[in-house]
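Engineer:
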Amino acid sequence: MNKLIFSLFYLYFYLLQLSPFAGAQVFVNQAGYLPDLQKIFYTSSAADSFYLVETSSGQIVFRGELYFSVSDDPATNLTLYAGDFSSFTSNGNYFIKINGGDSSYSFQISPTVYDDVYKKSLKGYYFQRCGISLLQPYAGVYYHSACHPGDGFYHSSTGQSGFRLTTGGWHDAGDYGKYVVNSGITVGTLLQAFESYPEKFNQDNLNIPESGNGIPDLLDEVRYEIEWLLKMQNENGGVYFKVTKEQFEPFIMPQNDSGIRYIYTLSSTATGDFAAIMSKAARIYQTIDTSFSNRCLNAAVLAWNFLINNPTIVPVGGFKNPTGTATGEYGDTNDSDERLWAASELFETTGLSDYSTYFISNFATGGIISSSMSWSRVKNLALLTYLNSLQSGASQTVKNQIKNSLISYANTLIGRSSTNGFGIAINPGEYYWGCNSDVLNKALMLIYAYEQTNNNLYVQTAHTQINYILGTNAHNFSFLTGVGSNSVMHPHHRPSVADGVVNPVPGLLAGGPDQYLDDPVLQAHFSGNTPPALCYIDDVGSYASNEIAINWNAPLVFVSGYFNGGSVNSADDQGVNFVPDRFDLKQNFPNPFNPSTTITWQAAVSSWQTIKVYDVLGNEVTKLVDEFRNAGSYAVNFNASQLASGIYFYILQAGDFVQTKKMSLIK
Numbered sequence: 056m057n058k059l060i061f062s063l064f065y066l067y068f069y070l071l072q073l074s075p076f077a078g079a080q081v082f083v084n085q086a087g088y089l090p091d092l093q094k095i096f097y098t099s100s101a102a103d104s105f106y107l108v109e110t111s112s113g114q115i116v117f118r119g120e121l122y123f124s125v126s127d128d129p130a131t132n133l134t135l136y137a138g139d140f141s142s143f144t145s146n147g148n149y150f151i152k153i154n155g156g157d158s159s160y161s162f163q164i165s166p167t168v169y170d171d172v173y174k175k176s177l178k179g180y181y182f183q184r185c186g187i188s189l190l191q192p193y194a195g196v197y198y199h200s201a202c203h204p205g206d207g208f209y210h211s212s213t214g215q216s217g218f219r220l221t222t223g224g225w226h227d228a229g230d231y232g233k234y235v236v237n238s239g240i241t242v243g244t245l246l247q248a249f250e251s252y253p254e255k256f257n258q259d260n261l262n263i264p265e266s267g268n269g270i271p272d273l274l275d276e277v278r279y280e281i282e283w284l285l286k287m288q289n290e291n292g293g294v295y296f297k298v299t300k301e302q303f304e305p306f307i308m309p310q311n312d313s314g315i316r317y318i319y320t321l322s323s324t325a326t327g328d329f330a331a332i333m334s335k336a337a338r339i340y341q342t343i344d345t346s347f348s349n350r351c352l353n354a355a356v357l358a359w360n361f362l363i364n365n366p367t368i369v370p371v372g373g374f375k376n377p378t379g380t381a382t383g384e385y386g387d388t389n390d391s392d393e394r395l396w397a398a399s400e401l402f403e404t405t406g407l408s409d410y411s412t413y414f415i416s417n418f419a420t421g422g423i424i425s426s427s428m429s430w431s432r433v434k435n436l437a438l439l440t441y442l443n444s445l446q447s448g449a450s451q452t453v454k455n456q457i458k459n460s461l462i463s464y465a466n467t468l469i470g471r472s473s474t475n476g477f478g479i480a481i482n483p484g485e486y487y488w489g490c491n492s493d494v495l496n497k498a499l500m501l502i503y504a505y506e507q508t509n510n511n512l513y514v515q516t517a518h519t520q521i522n523y524i525l526g527t528n529a530h531n532f533s534f535l536t537g538v539g540s541n542s543v544m545h546p547h548h549r550p551s552v553a554d555g556v557v558n559p560v561p562g563l564l565a566g567g568p569d570q571y572l573d574d575p576v577l578q579a580h581f582s583g584n585t586p587p588a589l590c591y592i593d594d595v596g597s598y599a600s601n602e603i604a605i606n607w608n609a610p611l612v613f614v615s616g617y618f619n620g621g622s623v624n625s626a627d628d629q630g631v632n633f634v635p636d637r638f639d640l641k642q643n644f645p646n647p648f649n650p651s652t653t654i655t656w657q658a659a660v661s662s663w664q665t666i667k668v669y670d671v672l673g674n675e676v677t678k679l680v681d682e683f684r685n686a687g688s689y690a691v692n693f694n695a696s697q698l699a700s701g702i703y704f705y706i707l708q709a710g711d712f713v714q715t716k717k718m719s720l721i722k
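56 is the number of the first residue of the sequence shown in this note's numbering; add one for each residue after it.
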C-alpha cells in the first residue's frame with residue numbers, strides 16, 4: 056500500500072512540474088475547444104491513457120483512456136490513437152499529457168475560442184486592401200502607405216486603349232493582382248455567411264476604419280471589394296477579368312510596386328460571378344444603404360443582359376493569358392455554373408420568373424451537388440440560395456431535390472471522414488494546391504446539411520474540419536498566421552516578407568499540403584512516395600503549399616464565425632451537445648441503395664461497439680465495426696457491390712445495448 060501511495064504521489068508531483076512541451080506526437084486544436092462540443096485529440100504515441108493538465112498550476116483535472124483510431128493512415132502513414140475529453144467543460148487553459156511522456160501545445164476551453172480565429176481571418180482582408188494607406192491605429196506594426204494609385208490601363212488584348220479607374224479592392228493572394236473570378240467565390244461566401252446567420256456575423260468591433268458605424272464589419276469589409284468590382288464593369292454589362300502587371304512583382308511592399316498594371320479582357324465567368332454577388336449584395340445592403348443597393352442591382356441586371364446576349368463562353372474557350380503575361384490565369388472553360396448562380400441570386404432578389412425558369416431548366420445539368428465549391432465551381436452557391444429561397448414562386452419540388460442531393464453529399468463526406476486518420480473529409484489524391492480551403496468548404500456544406508436535418512453528425516464532422524486547420528493534423532501545426540502556438544511563420548505573401556516585421560501578417564490561411572508538388576521547394580523536399588498529407592512546408596518559396604489567398608480565407612471566416620460563441624442551433628433551434636444522451640441506431644441513407652449506403656449511430660457512453668450485417672436467412676454478411684469507441688456519433692459506409700439484391704439487416708451492439716434496422720439493396 057505504501058509503495059502504491061508513493062507511486063501515485065510521485066506521478067502527481069511529476070505532473071505538477073509539467074509545462075506544455077510541444078512534442079510532435081500529440082495533435083490538438085491549438086485555438087482551443089468549445090465547452091459543450093466534442094473535444095478530440097490524436098496522438099501517434101502507443102500509450103493507453105492521457106491527462107488533461109491545467110497550464111498555470113500543473114494540476115491534473117481529467118484523466119481518460121486512449122483508443123485506437125487508425126493503422127497506417129493512407130494520407131499520413133501514421134498509426135493514430137484518439138482521446139476524448141468531451142465531458143470536461145470547465146473554462147481555462149490546458150494541455151494534454153500522454154502517459155508515455157509526450158505533451159500537446161496549450162489550448163483553451165472557452166465559448167469564445169473561435170472569436171480570435173474569426174476576427175483575425177476576417178481582418179486579414181483589411182490587410183489585403185489595395186489603394187489606401189493602412190494606418191497604424193488599425194494595422195499596428197503592419198501599417199504602410201497607399202499603393203497602386205494608377206490602376207489601370209487597358210491591355211492591348213482588350214482591343215481598347217487608355218486608362219480606366221480601377222483602384223481599390225483586395226490584393227488577391229501573396230501577389231498584388233486583383234482578379235474578379237476569385238473575388239466572386241470570396242465575396243459570395245462571405246455574403247452567404249451573413250445572409251444565412253446574420254446574428255453570428257454582426258460584430259462591429261474588428262478595429263478597421265469603419266468599425267463602430269453601426270454596420271457589421273463583415274459588410275463594411277466586403278463593400279470595399281464590391282466598390283472595386285463595380286469599376287470593373289464595362290458599359291455593355293460585361294466585366295473585365297483582372298488588373299495585374301504582366302509579370303508577378305518581386306517581394307517588395309505594395310507601395311513600392313511601380314509600373315503599369317493592366318486591365319484584361321471581358322469574361323463571361325467574371326460577368327456571371329459579378330451578376331450573382333451584385334444581386335446578393337442588393338438584398339443584403341438594401342436596409343443599410345438603399346442607393347448602394349440599387350447600384351448593385353442595376354449592375355447585376357446589366358451583367359445578366361450581357362450573358363443573355365453572349366450565350367457561349369467569352370472569350371472563346373475561356374480566359375487565357377495573352378502572350379507576355381504570366382500572372383494568375385484562373386482558367387475556366389465552363390461558365391454554366393456562373394450563369395446558374397447569377398440566375399439564382401437574381402430570382403431571389405427580384406422574384407422575376409425569367410430567372411427562376413432559367414434556374415429550373417439548368418440546375419440539374421451535370422448532377423446537383425457532387426463536390427464542394429471553388430473559384431471555378433460556384434454551382435453550390437446557386438443551389439444553396441435556391442434551397443433557402445423566401446420567394447413564393449420557388450419550386451418546392453426543386454428545393455426537395457437540392458435538399459436530398461445535399462444530404463447524399465453530406466453522407467459521402469461522413470464516409471470520407473470516417474476513413475481519414477484526422478477525420479477530415481478528403482481522400483488521398485485530394486491534397487492539391489489550396490486543399491485547406493476545400494476542407495473548409497466541405498465543412499460549410501456539412502453545416503447546411505445539419506441545418507436541414509438536425510443530424511448532429513453533420514455539424515460534428517464540420518467541426519472536425521476546423522480542428523484540422525488549427526492543429527489537429529500530422530504537422531501539429533496551425534495553418535492560420537497569428538493563431539496557435541505553432542503556426543505559419545513564412546507564408547508566400549509579399550508584405551509579410553518585405554515589411555521587416557518578424558511575425559507574418561495575422562489572419563491569413565496557408566493553402567496546405569500539395570501532394571502534386573507544384574513548386575520547386577516542394578519538389579526539393581518531397582517525392583511521389585511522400586504521404587500526401589505530409590507534402591507541406593512552411594517556406595516562403597512554396598507558393599503551392601504556403602501561399603495565402605482571399606478565397607481560402609472566406610470559408611474559414613464562415614466556419615469559425617458559425618461556431619463562434621459555442622451556440623450552434625439546428626433547424627428546430629435546439630442547442631447541440633455532441634455527447635449523445637442515449638444510444639441510437641439510425642436508418643441508413645440512402646435506402647433503398649445501390650451499391651453503397653451510410654449507417655450512422657450514436658453511443659451515450661464509451662463501450663465496445665460492433666455493427667454486423669446479416670441477410671434474411673440470418674447469415675452474417677460482414678462486420679463493419681468491431682472496436683472500443685468513446686461516447687459520440689459515428690458513421691460507416693457499407694458497400695454491397697458484391698451482394699445480390701434483397702433485404703438485409705444491420706445490428707448495433709454497444710455494451711448491453713442492441714438495436715436492429717432493415718435496409719434494401721436494389722440493383
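Just so you know, even glycine gets a beta-carbon here, dropped at the ideal spot from N, CA and C.
Given the structure is predicted, the values throughout are model-derived calculations rather than measurements.
Quick one: Cα of K458 to Cα of A419, how far?
Structural biologist: Along the sequence shown, one-based indexing puts residue 458 at 403. Along the sequence shown, one-based indexing puts residue 419 at 364. Taking the straight line joining both Cα atoms gives about 13 Å.
Engineer: Using a beta-carbon distance below 8 Å, is V557 in contact with chain E?
Structural biologist: No chain E is present in this structure, which holds just one protein chain.
Engineer: Is the beta carbon of G224 closer than 8 Å to that of C202?
Structural biologist: Here residue 202 refers to the residue found at position 147 of the sequence shown. Here residue 224 refers to the residue found at position 169 of the sequence shown. Not a contact, by the Cβ cut-off of 8 Å.
Engineer: Just checking, does the region 504-515 make contact with the region 560-573 on the three C-beta pairs under 8 Å criterion?
Structural biologist: Contact fails: fewer than three Cβ-Cβ distances are below 8 Å.
Engineer: For E265, does the three-state DSSP call read helix, strand or coil?
Structural biologist: Taking the sequence shown and counting its residues from 1, the one referred to as residue 265 is at position 210. Looking at E265 - three-state DSSP - the assignment turns out to be coil, as it is neither helix nor strand.
Engineer: So S124 is in the alpha helix (DSSP H); what residue range does that whole segment cover?
Structural biologist: On the sequence shown, residue 124 is found 69 positions in, with the first residue counted as 1. Note, S124: premise wrong, no alpha helix (DSSP H); beta strand (DSSP E) at 122-125.
Engineer: Return the CA-CA distance between I164 and G113, expressed in angstroms with no decimal places.
Structural biologist: In the sequence shown, counting from the first residue as 1, residue 164 sits at position 109. In the sequence shown, counting from the first residue as 1, residue 113 sits at position 58. If I take the Cα positions, the gap works out to 16 Å.
Engineer: In the DSSP assignment, the beta strand (DSSP E) including A609 goes from what residue to what residue?
Structural biologist: Locating residue 609 in the sequence shown gives position 554, where the first residue counts as 1. That residue, A609, is in no beta strand (DSSP E); its alpha helix (DSSP H) goes 605-618.
Engineer: Does the Cβ-Cβ distance between Y234 and Y385 come in under 8 Å?
Structural biologist: In the sequence shown, counting from the first residue as 1, residue 234 sits at position 179. In the sequence shown, counting from the first residue as 1, residue 385 sits at position 330. The answer is yes: Cβ separation under 8 Å.
Engineer: In chain order, what residues of the same chain have a beta carbon less than 7 Å from the beta carbon of M56, not counting five sequence neighbours either side?
Structural biologist: Start at 1 with the first residue of the sequence shown, and residue 56 comes out as number 1. The predicted position of M56 is uncertain, since its pLDDT is 37 and thus under 50; a value taken from the coordinates is nonetheless stated next. So no residue of the chain qualifies.
Engineer: Could you tell me which of N132, F374, L439 sits nearest to S431, measuring between CA atoms?
Structural biologist: Within the sequence shown, numbered from 1, the residue matching residue 431 stands at position 376. For S431, the nearest C-alpha among the options comes from F374.
Engineer: Identify the residues that DSSP records as bridge partners of H580: which are they?
Structural biologist: As a working mapping, residue 580 is identified with position 525 in the sequence shown. Bridge partners of H580: none, in fact.
Engineer: Alpha carbon to alpha carbon, what distance is there between I706 and K722?
Structural biologist: Translated into positions along the sequence shown, residue 722 becomes position 667. Translated into positions along the sequence shown, residue 706 becomes position 651. Their backbone Cα atoms lie some 23 Å apart in a straight line.
Engineer: Please say whether Y319 and S212 have beta carbons closer to each other than 8 Å?
Structural biologist: Stepping through the sequence shown from its first residue, residue 212 is reached at position 157. Stepping through the sequence shown from its first residue, residue 319 is reached at position 264. Taking 8 Å as the Cβ cut-off, S212 and Y319 qualify as a contacting pair.
Engineer: Could you tell me the distance, in whole angstroms, from the CA atom of A331 to the CA atom of T536?
Structural biologist: Indexing the sequence shown from 1 puts residue 331 at position 276. Indexing the sequence shown from 1 puts residue 536 at position 481. Going from the Cα of A331 to the Cα of T536 covers about 31 Å.
Engineer: Excluding the 5 residues preceding and the 5 following Y505 in the sequence, name in chain order all residues of the same chain whose CB lies nearer than 6 Å to its CB.
Structural biologist: For the purposes of this step, residue 505 is taken as residue 450 along the sequence shown, with counting starting at 1. These residues qualify, in order along the chain: Y513, V514.
Engineer: Just to confirm, is the Cβ distance from Y97 to Y136 under 8 Å?
Structural biologist: Sequence index remark: in the sequence shown, residue 97 carries index 42 (1-based). Sequence index remark: in the sequence shown, residue 136 carries index 81 (1-based). The answer is yes: Cβ separation under 8 Å.
Engineer: Who are the Cβ neighbours of M333 in its own chain at under 6 Å, not counting the five residues just before and after it?
Structural biologist: Against the sequence shown, residue 333 aligns to sequence position 278. Result list for M333: C351, A354, A355, in chain order.
Engineer: State the start and end residues of the unbroken alpha helix (DSSP H) segment that holds L720.
Structural biologist: Walking along the sequence shown from the start, residue 720 turns up at place 665. Element bounds for L720: not the alpha helix (DSSP H) but the beta strand (DSSP E), 712-720.
Engineer: Looking at C-alpha atoms only, which residue of D390, Q446, G448 is the closest neighbour of G421?
Structural biologist: Your numbering for residue 421 matches position 366 in the sequence shown. With distances taken between Cα atoms, G421 lies closest to D390.
Engineer: At the level of alpha carbons, what is the spacing between A604 and S426?
Structural biologist: Mapped onto the sequence shown, residue 604 falls at position 549. Mapped onto the sequence shown, residue 426 falls at position 371. If you take the alpha carbons of A604 and S426, they lie about 20 Å apart.
Engineer: One question on the structure: do S251 and E280 come within less than 8 Å of each other, judged by their Cβ atoms?
Structural biologist: Position 196 of the sequence shown, counting from 1, holds the residue named residue 251. Position 225 of the sequence shown, counting from 1, holds the residue named residue 280. No, they are not a contact pair.
Engineer: Which of the three DSSP states, helix, strand or coil, is assigned to W359?
Structural biologist: Along the sequence shown, one-based indexing puts residue 359 at 304. Here W359 sits in helix by DSSP.
Engineer: With distance defined between alpha-carbon atoms, name the residue in V83, T241, S124, Q310 nearest to P550.
Structural biologist: Your numbering for residue 550 matches position 495 in the sequence shown. Of the candidates V83, T241, S124, Q310, the one whose C-alpha sits nearest the C-alpha of P550 is Q310.
Engineer: Got a sec, what are the start and stop residues for the alpha helix (DSSP H) G239 sits in?
Structural biologist: For this step, residue 239 is matched to residue 184 along the sequence shown. Residues 235-251.
Engineer: State the beta-bridge partners of F162 as determined by DSSP.
Structural biologist: For the purposes of this step, residue 162 is identified with residue 107 of the sequence shown, where counting begins at 1. In the DSSP output, where bridge partners are listed per residue, F162 has Y149.
Engineer: Using only the alpha-carbon positions, how far apart do G292 and S200 sit?
Structural biologist: Position 237 of the sequence shown holds residue 292. Position 145 of the sequence shown holds residue 200. Cα-Cα distance, rounded: 33 Å.
Engineer: Going by beta-carbon coordinates alone, are G207 and Y317 separated by less than 8 Å?
Structural biologist: Start at 1 with the first residue of the sequence shown, and residue 207 comes out as number 152. Start at 1 with the first residue of the sequence shown, and residue 317 comes out as number 262. Yes. Within cutoff.
Engineer: Look at the alpha carbon of M725 and the alpha carbon of L261, and state the distance between them as a whole number of angstroms.
Structural biologist: Past the edges of the chain, shown from 56 to 722, lies residue 725, and the structure says nothing about it.
Engineer: What distance in whole Å lies between the Cβ atoms of W656 and D639, which are believed to be in contact at a cut-off of 8 Å?
Structural biologist: Locating residue 639 in the sequence shown gives position 584, where the first residue counts as 1. Locating residue 656 in the sequence shown gives position 601, where the first residue counts as 1. Contact holds; Cβ gap of about 6 Å.
Engineer: Per DSSP, what kind of secondary structure is L135 in: helix, strand or coil?
Structural biologist: Reading the sequence shown from its first residue, position 80 is the one you call residue 135. Note: L135 maps to strand in three-state DSSP.
Engineer: Within a Cβ cutoff of 6 Å, which residues of the same chain sit near K335, ignoring the five residues on either side of it in sequence?
Structural biologist: Counted from its first residue, the sequence shown places residue 335 at position 280. Cβ neighbours of K335 beyond the five flanking positions: L246, E400.
Engineer: Near W301, which residues of its chain fall below 6 Å by C-beta distance, leaving aside the five closest residues on each side in sequence?
Structural biologist: The residue you call residue 301 lines up with position 246 of the sequence shown. The question names Trp, yet the displayed sequence has Glu at residue 301. Counting only Cβ-Cβ distances below 6 Å, and skipping sequence neighbours, we find G379, T380.
Engineer: Work out the CA separation of G156 and Y67 for me, nearest whole Å.
Structural biologist: Counting from 1 along the sequence shown, the entry for residue 67 is found at position 12. Counting from 1 along the sequence shown, the entry for residue 156 is found at position 101. In this prediction, Y67 has a pLDDT of 39, which is less than 50 and means its spatial position is unreliable; nothing more can be read from the coordinates.
Engineer: Run the CB neighbour count on P610, radius 10 Å, all protein chains shown included, and call it buried at 16 or more, exposed below.
Structural biologist: Locating residue 610 in the sequence shown gives position 555, counting from the first residue. It is buried - the Cβ of P610 has at least 16 other Cβ atoms within 10 Å.
Engineer: Quick check on this structure: which residue in V83, T244, S111 has the alpha carbon closest to the alpha carbon of L495?
Structural biologist: Translated into the one-based positions of the sequence shown, residue 495 becomes position 440. Out of V83, T244, S111, T244 has the C-alpha closest to the C-alpha of L495.
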